[in-house]
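Comments concern the structure below.
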Amino acid sequence: MQARMETLLPRRTYIPLNLHSIKRYLIPPSQRKICQLMEANKMPILEFQGKHPKIHKNAFVSPQATIIGDVEIGEYTSIWPGCVIRGDFGKVQIGSYTSIQDGTIIHARSEAAPVIIGNFTTIGSNVVMHGCYCGDTVVVGDGAIIFEGATIGEGALVAPGSIVAQNTVIPPRTSVAGAPAAQVRVLSREDTTRFKENAELIARVFAKLKKWMA
113 MQARMETLLP RRTYIPLNLH SIKRYLIPPS QRKICQLMEA NKMPILEFQG
163 KHPKIHKNAF VSPQATIIGD VEIGEYTSIW PGCVIRGDFG KVQIGSYTSI
213 QDGTIIHARS EAAPVIIGNF TTIGSNVVMH GCYCGDTVVV GDGAIIFEGA
263 TIGEGALVAP GSIVAQNTVI PPRTSVAGAP AAQVRVLSRE DTTRFKENAE
313 LIARVFAKLK KWMA
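With the sequence shown counted from 1, adding 112 to any position gets you my numbering.
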């Protein structure tokens, strides 16, 4: 009777959770090239179409971050866990003493729409940036979205959750908030000095962490 029941009941099908099964069952053909690169490299720093990320020896890139293609990262810059920085369609250039915090996605839309991020800039967690310019000593709050063609001037502050619309220009030392982001106030030089000091503090912490992990 037990044997008969086993023949009548459908058997469960298990899909092993590995990169091969994910490619076969879950990833559309158009996106499988990236998976092949990841499988071949076994690392989060990936060459794409002959372009390999250029990362300064003193920069810190979390093992849980993914860096693809034409990406340049300056000295003492930190890339935190869960970040995805894609230079597959255009260049991403990140300056020195800058931090890109957990879960942020940065993507250059095309060669004509690169992402340029300056020095001593702090990009918060879960930020999305597409083809934009971000100057020195800028702070972008958690969860903000910055669309293609936007320009964020030196020493500006983008409040958490703000949406900076396409081709928006935020003047230097300006605080913006909202969706779409609008000016809240003009920042003082003391504000921008504090932004820079915070960026330097983060850089020192991650320099120590990198030495500890070595």
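Built from N, CA and C at the ideal position, the CB exists for glycine as well.
Pull up the DSSP beta-bridge partners for residue i, would you.
{"i": "residue 160", "result": "163"}
{"i": "residue 172", "result": "190"}
{"i": "residue 295", "result": "288"}
{"i": "residue 184", "result": "166 and 205"}
{"i": "residue 178", "result": "196"}
{"i": "residue 317", "result": "Answer is none; residue 317 lacks a bridge partner."}
What is the C-beta distance between residue i and residue j, in whole angstroms, given that I count them as a contact (C-beta under 8 Å)?
{"i": "residue 195", "j": "residue 177", "result": "4 Å"}
{"i": "residue 307", "j": "residue 251", "result": "5 Å"}
{"i": "residue 274", "j": "residue 254", "result": "At roughly 10 Å, the Cβ-Cβ gap does not stay under 8 Å, so residue 274 and residue 254 are not in contact."}
Between residue i and residue j, what straight-line distance do the alpha-carbon atoms span, to the nearest angstrom?
{"i": "residue 293", "j": "residue 313", "result": "28 Å"}
{"i": "residue 200", "j": "residue 229", "result": "17 Å"}
{"i": "residue 120", "j": "residue 173", "result": "Low confidence applies to residue 120: its pLDDT is 44, below 50, so where it sits in the model is not reliable, and the reading given next is rough at best. So the two alpha carbons sit approximately 54 Å from each other."}
{"i": "residue 161", "j": "residue 167", "result": "18 Å"}
{"i": "residue 300", "j": "residue 281", "result": "19 Å"}
{"i": "residue 267", "j": "residue 289", "result": "15 Å"}
{"i": "residue 309", "j": "residue 188", "result": "14 Å"}
{"i": "residue 182", "j": "residue 202", "result": "7 Å"}
{"i": "residue 297", "j": "residue 287", "result": "5 Å"}
{"i": "residue 272", "j": "residue 212", "result": "14 Å"}
{"i": "residue 193", "j": "residue 283", "result": "31 Å"}
{"i": "residue 206", "j": "residue 258", "result": "16 Å"}
{"i": "residue 218", "j": "residue 321", "result": "24 Å"}
{"i": "residue 278", "j": "residue 265", "result": "15 Å"}
Report buried or exposed for residue i, applying the criterion of at least 16 other Cβ atoms within 10 angstroms of its Cβ.
{"i": "residue 316", "result": "exposed"}
{"i": "residue 158", "result": "buried"}
{"i": "residue 231", "result": "buried"}
{"i": "residue 295", "result": "exposed"}
{"i": "residue 256", "result": "buried"}
{"i": "residue 208", "result": "buried"}
{"i": "residue 175", "result": "exposed"}
Fill in: Whole beta strand (DSSP E) elements within the region 192–270, 3-residue minimum
196–206, 217–219, 227–229 and 240–242
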